[in-house]
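Quick note: the sequence shown uses UniProt numbering, first residue 1, plus one each step.
One structure below.
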Amino acid sequence: MWSEEFAARYRERGYWTGTTLGEVLRGAAARHPARTALVDGDTRLTYAELDALANRRAAGLRRRGLAAGDNVVVQLANTAEFLVTTFALLRLGARPVYALPAHRRSEISYLVAHSGAAAYVIPDRHAGFDFRVLAGEVADDSVRVLVDGDPGPYTALADVDADPVDLPEPDPSSVALFLLSGGTTGLPKLIPRTHDDYAYNLRASAEVTGMDAETVYLAALPVSHNFALACPGVLGTLYAGGTVVMAPSPSPADAFALIEREGVTVTALVPSLALLWLEAVKAVRRDLSSLRLLQVGGARLAEEPARRIRPELGCALQQVFGMAEGLLNYTRLDDPEDVVATTQGRPLCEDDEIRIVDSEGAEVAPGGIGELLTRGPYTLRGYYRAEEHNARSFTPDGFYVTGDLVRRLPTGHLVVEGRVKDVINRGGEKVPTEEVEDHLMTHPAVREAALVGVPDPMLGERSCAFLRVRDGERAPALRELTAYLRERGLADYKLPDRVEVRAEFPYTAVGKVSKKALVEGLS
Ligand code: J2J
Numbered sequence: 001m002w003s004e005e006f007a008a009r010y011r012e013r014g015y016w017t018g019t020t021l022g023e024v025l026r027g028a029a030a031r032h033p034a035r036t037a038l039v040d041g042d043t044r045l046t047y048a049e050l051d052a053l054a055n056r057r058a059a060g061l062r063r064r065g066l067a068a069g070d071n072v073v074v075q076l077a078n079t080a081e082f083l084v085t086t087f088a089l090l091r092l093g094a095r096p097v098y099a100l101p102a103h104r105r106s107e108i109s110y111l112v113a114h115s116g117a118a119a120y121v122i123p124d125r126h127a128g129f130d131f132r133v134l135a136g137e138v139a140d141d142s143v144r145v146l147v148d149g150d151p152g153p154y155t156a157l158a159d160v161d162a163d164p165v166d167l168p169e170p171d172p173s174s175v176a177l178f179l180l181s182g183g184t185t186g187l188p189k190l191i192p193r194t195h196d197d198y199a200y201n202l203r204a205s206a207e208v209t210g211m212d213a214e215t216v217y218l219a220a221l222p223v224s225h226n227f228a229l230a231c232p233g234v235l236g237t238l239y240a241g242g243t244v245v246m247a248p249s250p251s252p253a254d255a256f257a258l259i260e261r262e263g264v265t266v267t268a269l270v271p272s273l274a275l276l277w278l279e280a281v282k283a284v285r286r287d288l289s290s291l292r293l294l295q296v297g298g299a300r301l302a303e304e305p306a307r308r309i310r311p312e313l314g315c316a317l318q319q320v321f322g323m324a325e326g327l328l329n330y331t332r333l334d335d336p337e338d339v340v341a342t343t344q345g346r347p348l349c350e351d352d353e354i355r356i357v358d359s360e361g362a363e364v365a366p367g368g369i370g371e372l373l374t375r376g377p378y379t380l381r382g383y384y385r386a387e388e389h390n391a392r393s394f395t396p397d398g399f400y401v402t403g404d405l406v407r408r409l410p411t412g413h414l415v416v417e418g419r420v421k422d423v424i425n426r427g428g429e430k431v432p433t434e435e436v437e438d439h440l441m442t443h444p445a446v447r448e449a450a451l452v453g454v455p456d457p458m459l460g461e462r463s464c465a466f467l468r469v470r471d472g473e474r475a476p477a478l479r480e481l482t483a484y485l486r487e488r489g490l491a492d493y494k495l496p497d498r499v500e501v502r503a504e505f506p507y508t509a510v511g512k513v514s515k516k517a518l519v520e521g522l523s
């Protein structure tokens, strides 16, 4: 957490206002109770209704034994229940740990154990998958399983709700929720976000996208991810008094129909989806004229598609270079077109401190490429329960070591030039290579494994598993390998897209597998 000195500075400068995230909704509900807060399919909730539902849910969760400080793994898709449950937990002071809908046994069992979860919240089924079966595998009797829909052997969320009770307001400087890191080595890390820091995050983000009560935001990306949650995402929209429209998927068919029906004005995509939308808009005849702004982030957007957004989709583009750890960079609505097309934006806050350093940790000359380090009012100072990892991920004076290679323009805008961290950015989804390699190495035929990103026109990168096979063993084919990893409970997006067998691996001078040489050797 931040030292008193920094906390005092951030309060003094008005970033930390002492507002809890629960109050964000309460405040909006007081200002415009009758406006539509949320649309999910045929469900339409006003601010007063959403606020009341969250209060009832909070009271019910408390009656079921959940208390302030409890951690709760939440794995809900883009639904009204996501927001009702989120605000209920926040008001209770219980802390959502946001898993992605794609996560499976491997990820969830780790999250449940690592967070010491008191509860696990799931849909009954989503995208053809039965989450109650997963719950049976990951949750023992100490974990209460709460289900949106048919509960099976567990408790239905709808049955939890109870008459509202007065609850003490959580301390605004305390942890409100945990996000998952996409950018680290080994197992996923939990990012603690406080009420103060996350309220600033969503408020300042709502301002930089020009959100107001007329905003209609389409949640197309998963709302359990920082981008669609609070940059400004669904929480920023509610802060501004706008309307959140939950999309069942980001596919052009689903999303375009909702844009037309609800008059959506803002949405956010990863670059691969933006490419898909640019293609689909030629064929799908829907009225997208309400769309004012498309945010694109999560991976580098190439200049060519960036320049096609306005003429072909009829809205402005905002590039976003963000991270669940904190720092957000946005191109501004009044930036020149060239800046919007060719940079990944500049920091959200004047007190976002940026250092760009070489491999020795020395600052590079102005305009040079180096690793981005950052410190500021909404950037974490340490992962949850990860002392050893924290020693490597932060400088002694508290800068977060992002693993991203950037270049800074005189205007302060950053251009992402690559990364030093060993993560594959598969269309915005982050594949932690070490975690997958550890799974690959358990396969009886595998002696050594290296998961490497290879360029891909649509996704930016795809993953290729390089294998050395044990003597006398047959190399597993791709389908066999993915079936094996699925069986081990790994999320689909982490499965290798391709497999290559090598008799020997190239090594670097320090004896590590040279992933660079492996990729260069590909035909
Ligand atoms: C290149 N790389 C990018 C960009 C993120 C908004 C937007 C994205 C995220 C996110 C987020 C990039 N160009 N425009 O949380 O609020 C890569 C970097 C970064 C990592 C963070 C948000 N935008 N990246 O993607 O925590 O490598 O957050 O460090 O998932 O994505 O990943 P994540």
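C-beta: ideal position from N, C-alpha, C; glycine also.
Pairwise C-alpha distance: residue j and residue i
i              : j              : result
valine 143     : serine 115     : 11 Å
threonine 374  : serine 393     : 11 Å
leucine 440    : arginine 488   : 10 Å
alanine 365    : glutamine 344  : 20 Å
threonine 86   : proline 96     : 7 Å
serine 224     : arginine 292   : 24 Å
valine 519     : alanine 37     : 48 Å
isoleucine 354 : glycine 368    : 14 Å
lysine 512     : asparagine 226 : 33 Å
residue 592    : leucine 92     : Coverage of the chain is limited to positions 1 through 523, which leaves residue 592 absent and any answer about it impossible.
alanine 54     : arginine 26    : 10 Å
serine 173     : glycine 18     : 7 Å
leucine 485    : threonine 442  : 10 Å
valine 145     : alanine 176    : 21 Å
valine 234     : leucine 467    : 42 Å
Any non-hydrogen atom of the ligand J2J closer than 8 Å to residue i Cβ
i                 : result
valine 420        : no
aspartate 148     : no
asparagine 425    : yes
glutamate 207     : no
lysine 430        : yes
phenylalanine 321 : yes
histidine 413     : no
valine 416        : yes
threonine 402     : yes
glutamine 344     : yes
glycine 298       : yes
asparagine 78     : no
phenylalanine 178 : no
leucine 328       : yes
residue 529       : Since the first and last residues shown for the chain are 1 and 523, residue 529 lies out of range.
cysteine 349      : no
serine 181        : yes
asparagine 390    : no
Identity of the residue in the options nearest residue i by Cα
i             : options                           : result
valine 415    : Ala341, Asp438, Arg488 and Lys421 : Ala341
arginine 407  : Val401, Ala475, Glu417 and Val165 : Glu417
leucine 288   : Glu304, Arg310, Leu333 and Leu275 : Arg310
glycine 241   : Pro250, Ala204 and Met211         : Met211
cysteine 231  : Thr267, Val245, Met246 and Asp196 : Thr267
glutamate 371 : Ala362, Tyr400, Cys349 and Leu405 : Leu405
leucine 313   : Asn329, Ala283, Asp338 and Pro336 : Ala283
tyrosine 217  : Val264, Tyr384 and Glu429         : Val264
glycine 149   : Arg125, Val165 and Pro396         : Arg125
Reduced DSSP category for residue i - H, G, I as helix; E, B as strand; rest coil
i                 : result
tyrosine 217      : strand
serine 320        : What sits at residue 320 in the sequence shown is valine, not serine. Three-state DSSP puts valine 320 in a strand.
threonine 86      : helix
tyrosine 484      : helix
glycine 172       : Here residue 172 is proline; the residue named in the question, glycine, does not match the sequence. Coil at proline 172, not helix or strand.
tyrosine 120      : strand
glycine 22        : helix
aspartate 130     : strand
lysine 494        : helix
phenylalanine 227 : helix
glutamate 371     : strand
phenylalanine 505 : coil
Beta-carbon proximity list for residue i, same chain, < 8 Å, skipping 5 on both sides
i           : result
alanine 477 : Val499
alanine 302 : Pro271
valine 296  : Ala268, Leu269, Val270, Pro271, Ala274, Ala306, Ile309, Leu317, Gln318, Gln319 and Val320
Close-in-space but distant-in-sequence residues of the same chain around residue i (CB under 7 Å, 5 per side omitted)
i             : result
aspartate 352 : Leu327, Thr374 and Gly376
proline 250   : Ala220, Leu221, Leu269 and Leu273
threonine 508 : Ser514
Nonlocal neighbours in the same chain, by C-beta distance under 6 Å from residue i, ignoring five residues either side
i             : result
glutamate 260 : Arg286 and Asp287
proline 168   : none
glutamine 75  : Ala99 and Ile122
Residue i beta carbon near the ligand NAP (any heavy atom closer than 8 Å)
i                 : result
phenylalanine 399 : This structure lacks the ligand NAP; its bound ligands are the ligand J2J.
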